[in-house]
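Structure first, then comments.
In the numbering used here, the protein residues as written are 333 to 544.
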């Protein structure tokens, strides 16, 4: 099972994620997020993860110039598009940068899984995140979850990460109910918005290990 720790900003948090065996580490490039990081700072942190975990650049409806800067400074292994990017935009980003793309889709009801079809064969992977609460300016990282049993309706062969409201207390339920290929956690391992907590990162991995 893949485990992605997202929204990293410090050496200490990155070291904890890597020590616990994270398969992916995510860096968020979205000014409205408390987890926002500059491409150059992410590039420095990314260097420590090279060869140990996949580095993911998370953007929200980013333009070509900003994506160019991120890719040049960070050299990510994967681009996560967490906005309203169309299948055509996903294809264009892949072609421009020659990198695999994970498309985030908001999920609240079973009908939301219909959104997978237009991206199949375009996105390399999906991230199913809870729909943001009313008034939130963040497409993810809101600390809310959804009914994980919905994911039983994901078509066979669709690779994805489950995200939204995960923490050490509910990771076992998420694994039991959805049996996902991977989990993505951000706010659930924080002591305050944007502040990763080493103890909570360790607790999350212990919970996953126990559930498996």
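Backbone N, C-alpha and C define an ideal beta-carbon position, used for all residues, glycine too.
Of the residues 458, 485 and 516, the one whose Cα lies closest to the Cα of residue 497 is 516. In this structure residue 363 is exposed. Its beta-carbon is surrounded by fewer than 16 other beta-carbon atoms within 10 angstroms.
For the pair residue 358 and residue 492, the Cα-to-Cα distance works out to about 15 Å.
Within its own chain, the residues whose Cβ lies closer than 8 Å to the Cβ of residue 401, once the five positions on either side in sequence are excluded, are 371, listed in chain order. CA-CA distance, residue 407 to residue 441, rounds to 35 Å.
C-alpha of residue 454 to C-alpha of residue 392: approximately 18 Å in a straight line. Cα atoms of residue 519 and residue 361: separation of roughly 16 Å, rounded to the nearest angstrom. Per DSSP, residue 340 lies in no beta strand (DSSP E) segment and is marked neither H nor E. Annotation for residue 477: 462, 496 and 497 place their beta carbon closer than 6 Å to its own, counting only its chain and skipping 5 residues before and after. Separation of residue 344 and residue 397 (C-alpha to C-alpha, rounded to the nearest whole angstrom) is 30 Å. In the three-state DSSP reduction, residue 369 falls in the coil class, being neither helix nor strand.
Considered as a whole, the stretch 422-495 harbours 433-439, 457-462 and 492-495 as its complete beta strand (DSSP E) runs of no fewer than 3 residues, in chain order. Shown here for residue 485: same chain residues with a beta carbon closer than 7 Å to its own, the five before and five after excluded, namely 442 and 445 in chain order.
Scanning its chain for C-beta atoms nearer than 6 Å, with the 5 sequence neighbours on each side dropped, one finds around residue 377 the residues 346, in chain order.
Here residue 434 is buried: its Cβ has 16 or more other Cβ atoms, across all protein chains shown, within 10 Å. The beta-carbon distance between residue 409 and residue 386, rounded to whole angstroms, is 4 Å. This is short enough to meet the 8 Å contact definition.
No Cβ-Cβ contact shorter than 8 Å links residue 524 with residue 500.
Residue 351 has its alpha-carbon roughly 30 Å from the corresponding atom of residue 438. In chain order, 521, 522 and 523 place their CB closer than 7 Å to the CB of residue 529, counting only its own chain and leaving out the 5 sequence neighbours on each side.
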